[in-house]
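The structure appears right after this line, and notes come after that.
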Amino acid sequence: MEAHKYKRVLIKISGEALAGDKHFGLNFDVIGPVCDVIKKCNEQGCEIGVVVGGGNFWRGVKDGGGKMERTRADHMGMLATTINALALADALEQRGVPVRVQTAIEMNRIAEPYIRQRATRHLEKGRVVIFGCGTGNPFFSTDTAAVLRAAEIGAEVILLAKNVDGVYDSDPAKNPNAKKYDHLSYMDVLNQGLGVMDTTATSLSMDNHIPILVFALSDPENIYRAVCGEKIGTIVEEEN
Ligand code: UDP
0 MEAHKYKRVL IKISGEALAG DKHFGLNFDV IGPVCDVIKK CNEQGCEIGV VVGGGNFWRG
60 VKDGGGKMER TRADHMGMLA TTINALALAD ALEQRGVPVR VQTAIEMNRI AEPYIRQRAT
120 RHLEKGRVVI FGCGTGNPFF STDTAAVLRA AEIGAEVILL AKNVDGVYDS DPAKNPNAKK
180 YDHLSYMDVL NQGLGVMDTT ATSLSMDNHI PILVFALSDP ENIYRAVCGE KIGTIVEEEN
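Numbering that gives the first Met the number 0 puts the first residue of the sequence shown at 0, with every later residue one more than the last.
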């Protein structure tokens with residue numbers, strides 16, 4: 000029986016989450032269990048696109064800021080996302096999951112170029128599609144890429160896997176009384192400057208009516224719970 004609520008989802012996994020407590024590079028103790036759960040969702044017929052971040056290797060503004068020209072620093076960030084995409088693809092393949100990597104910047108020897116129709120065809124055939132290189136443009140984030148790809152492939156929801164288990168009114172690492180929201184509107188996020196996604200990504204999801212579910216990747220089973228429509232984390236969507 001199919002337990003999943005959503006037929007097609009876009010999972011955004013930040014680079015930081017892939018590094019786990021190493022905070023840099025790839026932590027296969029994190030990647031393995033995440034891929035086990037993606038496999039479970041895939042086997043139940045949920046169509047899955049994945050956008051990966053690159054912050055575990057390089058973030059343009061943060062790491063290049065002041066010492067590098069912005070565009071070049073962002074190019075490096077987009078290459079970092081591709082390293083993560085390949086690592087995830089490999090881990091999924093090792094588990095017998097059919098997978099394709101598509102990159103927004105062409106690098107034909109190692110991945111397919113991003114072509115929307117081809118991506119949706121892969122999804123229909125039950126392949127997980129991992130999108131690398133973000134949007135392919137500097138000055139954007141992989142969060143924006145996640146919304147863009149979700150809109151293009153017609154994903155019903157963006158599953159934003161983070162290092163925190165939802166959206167809080169203040170930093171839960173610093174404030175033990177921080178309050179977690181179950182539900183927020185896009186305008187709440189924009190007006191209150193809540194750290195969900197950057198404003199470009201939030202506006203794009205608002206304009207395209209794509210809900211964003213924020214949850215912690217530390218328990219990878221959360222991906223399955225999210226796909227099944229269980230109430231976890233914080234959902235950002237239109238006001239009722
Ligand atoms: N990046 C970019 N354009 C995009 C997506 C990403 O230039 O469309 C660059 C940017 O430098 C960014 C880096 O790639 O800092 C890594 O992406 P991001 O910071 O979104 O990764 P995450 O924080 O999710 O790990």
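Positions of the beta carbon are idealized from the N, C-alpha and C atoms, including for glycine.
Proximity test, residue i beta-carbon vs the ligand UDP heavy atom, cut-off 7 angstroms
| i | result |
| --- | --- |
| proline 137 | yes |
| aspartate 142 | yes |
| aspartate 20 | no |
| methionine 186 | no |
| glycine 59 | yes |
| serine 204 | no |
| glycine 54 | yes |
| aspartate 218 | no |
| methionine 77 | yes |
| threonine 198 | no |
| glycine 165 | no |
| alanine 72 | yes |
| threonine 102 | no |
Candidates the options, of which the one nearest residue i by Cα
| i | options | result |
| --- | --- | --- |
| lysine 6 | His22, Gly44 and Ile12 | Gly44 |
| glutamine 93 | Ser202, Ala160, Cys34 and Leu203 | Cys34 |
| valine 51 | Val146, Val36, Thr80 and Lys179 | Thr80 |
| arginine 99 | Asn83, Ile82, Ala118 and Arg108 | Ala118 |
| glutamate 237 | Tyr223, Leu203, Gly228 and Asp218 | Leu203 |
| aspartate 197 | Leu159, Ala154, His182 and Asp181 | Leu159 |
| glycine 53 | Phe139, Ile234, Lys124 and Val235 | Phe139 |
| lysine 178 | Thr233, Ile129 and Gly153 | Thr233 |
Unbroken beta strand (DSSP E) run spanning residue i, endpoints
| i | result |
| --- | --- |
| alanine 154 | Here alanine 154 belongs to no beta strand (DSSP E), and DSSP marks it neither H nor E. |
| leucine 319 | One cannot answer for residue 319 here, as it falls past the ends of the chain, which runs 0 to 239. |
| isoleucine 109 | Isoleucine 109 -> no beta strand (DSSP E), and no H or E assigned at all. |
Element boundaries [alpha helix (DSSP H), containing residue i]
| i | result |
| --- | --- |
| glycine 44 | Per DSSP, glycine 44 belongs to no alpha helix (DSSP H) and is neither H nor E. |
| histidine 74 | 69-93 |
| valine 226 | 220-226 |
| serine 202 | 198-206 |
| leucine 189 | 185-191 |
Inter-residue CB distance, residue i and residue j (contact presumed, cutoff 8 angstroms)
| i | j | result |
| --- | --- | --- |
| glycine 133 | methionine 77 | 5 angstroms |
| asparagine 55 | leucine 17 | 5 angstroms |
| leucine 212 | alanine 225 | 5 angstroms |
C-alpha gap between residue i and residue j, whole angstroms
| i | j | result |
| --- | --- | --- |
| glycine 165 | leucine 189 | 16 angstroms |
| asparagine 174 | lysine 38 | 36 angstroms |
| methionine 106 | proline 112 | 7 angstroms |
| phenylalanine 27 | leucine 216 | 14 angstroms |
| cysteine 40 | asparagine 207 | 25 angstroms |
| aspartate 62 | glutamate 15 | 14 angstroms |
| valine 29 | lysine 161 | 12 angstroms |
| threonine 70 | threonine 141 | 15 angstroms |
| aspartate 89 | histidine 3 | 25 angstroms |
| alanine 144 | glutamate 151 | 10 angstroms |
| valine 156 | proline 210 | 5 angstroms |
| methionine 0 | glutamate 42 | Reliability fails at methionine 0, whose pLDDT of 46 lies under 50, so the model's placement of it is uncertain and no value is given. |
| tyrosine 185 | valine 49 | 22 angstroms |
beta-carbon residue i near the ligand MG non-hydrogen atom, thresh 7 angstroms
| i | result |
| --- | --- |
| glutamate 15 | Absence of the ligand MG from the depicted structure is noted, with the ligand UDP being the only ligands included. |
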